[in-house]
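Report on the structure given below.
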Amino acid sequence: MKKIILASFFLLSILSFSRYIERCKVLDIRRCKSLSSGKIFHFGPAPPFMGNGLFRGTKGIVKITFNGNGYKNLEYIDRDYVE
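So that you can map any letter, position 8 of the sequence shown is 7 in numbering that gives the first Met the number 0, and since no number is skipped, the others follow by simple counting.
Here it is in structure tokens:
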């Protein structure tokens with residue numbers, strides 16, 4: 000039984016859960032700043048905020064989902080426009 004529990008914890012740690020920021024102000028093509036904590040998140044290697052007129056007519060505030068630890072070199076998954 001103990002081995003089953005330990006194995007399940009190991010599998011859950013391998014399948015890292017994604018994180019998200021509710022309200023993030025886009026600063027440039029690779030960075031956004033959390034409006035609740037003030038922390039700046041760096042995304043890479045593929046910049047998530049590229050495109051012509053991507054935020055035209057908006058305030059550039061998004062909800063973003065990502066994988067990674069810390070605040071740098073995060074892996075972008077998805078975004079939703081908030082404002």
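Think of the CB as a built atom: it goes at the ideal place given N, C-alpha and C, for glycine as much as any other residue. Quick caveat: nothing in here was measured; it's all calculated off a predicted structure.
Excluding the 5 residues preceding and the 5 following valine 81 in the sequence, name in chain order all residues of the same chain whose CB lies nearer than 7 Å to its CB.
Arg22, Ile60, Val61, Lys62
I want to check one thing, is the minimum distance from the CB of serine 35 to the heavy atoms of the ligand COA below 7 Å?
Looking for the ligand COA in the displayed structure turns up nothing, as the structure carries no ligands at all.
With a threshold of 6 Å on Cβ separation, who are the neighbours of lysine 58 within its own chain once the five nearest residues in sequence on each side are excluded?
So the qualifying residues of the chain are Glu82.
Lysine 2, DSSP secondary structure in three states:
helix
Residue environment, isoleucine 3, which counts as buried when at least 16 other CB atoms sit within 10 Å:
exposed
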